[in-house]
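One structure is given below, encoded as structure tokens.
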Amino acid sequence: MPPKVTPLSCHFSSLTTAPGLQRLTAARPVLWTNVDTVTRQQGILHSVMRSCPGLLPQPVRSLTYYSLKKGKRKTVKSVVRRFLRLHCGLWLRRKAGYKKKLWKKKSVRKKRLREHVFCNGTQSKLLDKMTTSFWKRRNWFLNDPYQKYHQRTNLKL
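Under the working numbering, the residues of the sequence shown are numbered 1073 to 1229, in order.
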């Protein structure tokens, strides 16, 4: 015979017995399941999920910051630090891992990691959503090294 389970409700940090729920649970039958059947069902579920990767949840960057006073969108500061937006709407970034474990990378690979690459259209659209119009306006810098890339002519993506 299984032990009698009394319903508990959590109120902040103290546990108290709910007075009205004792009568309700006494009328309901307690359901007991075998642990083996539960693990077998989980095994089947995991094998189905493994065979159909489309069912697994995909990581999504949908975080947008809003101001508390006026409710306007705010810029995600890590985007501004890591990427550069050109006048034509393209975004530049460094290759992934350009600062990581340089001691075990060959010099050719380190040189390739120092290069800048363009973001694709999906990434550019996402980065535009994560920044405000302040970061999308044209800035003119003296001796800008990216001056020849601001105009998108003969540039294939």
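In this text, a Cβ means the ideal position worked out from N, Cα and C, and glycines have one as well. Source: prediction; values computed, not measured.
Drop a sphere of 10 angstroms on the beta-carbon of residue i, count the other beta-carbons inside from all chains shown, and report buried for 16 or more, exposed for fewer.
i	result
W1163	buried
R1095	Note that R1095 scores a pLDDT of 49, beneath 50, so its modelled location is shaky and nothing firm can be said.
In three-state DSSP terms, what is residue i?
i	result
Q1094	Residue confidence for Q1094 is low, a pLDDT of 48 falling below 50, so the modelled location carries little weight; the figure read from the coordinates is stated next. Residue state, collapsed to three classes: helix.
Y1221	helix
F1213	coil
K1172	coil
K1146	strand
V1107	Unreliable placement is indicated for V1107, whose pLDDT of 49 sits below 50; the coordinate value is still reported in the next sentence. If DSSP states are grouped into helix, strand and coil, V1107 belongs with the helices.
In the DSSP assignment, find the alpha helix (DSSP H) that holds residue i and state where it starts and stops.
i	result
L1199	1193 to 1201
R1181	1179 to 1185
R1154	1149 to 1154
Round the Cβ separation of residue i and residue j to the nearest angstrom and send it over; I've been treating them as touching at under 8 Å.
i	j	result
V1148	R1165	Their Cβ separation, rounded to whole angstroms, is 14 Å, which puts V1148 and R1165 out of contact at 8 Å.
R1145	T1204	6 Å
R1181	Y1170	That pair is no contact at about 10 Å.
Could you give the first and the last residue of the continuous beta strand (DSSP E) run that contains residue i?
i	result
W1163	1163 to 1166
F1190	1188 to 1190
### Task
Could you tell me whether the segment 1157 to 1173 touches the segment 1199 to 1218, where touching means 3 or more Cβ pairs closer than 8 Å?
yes
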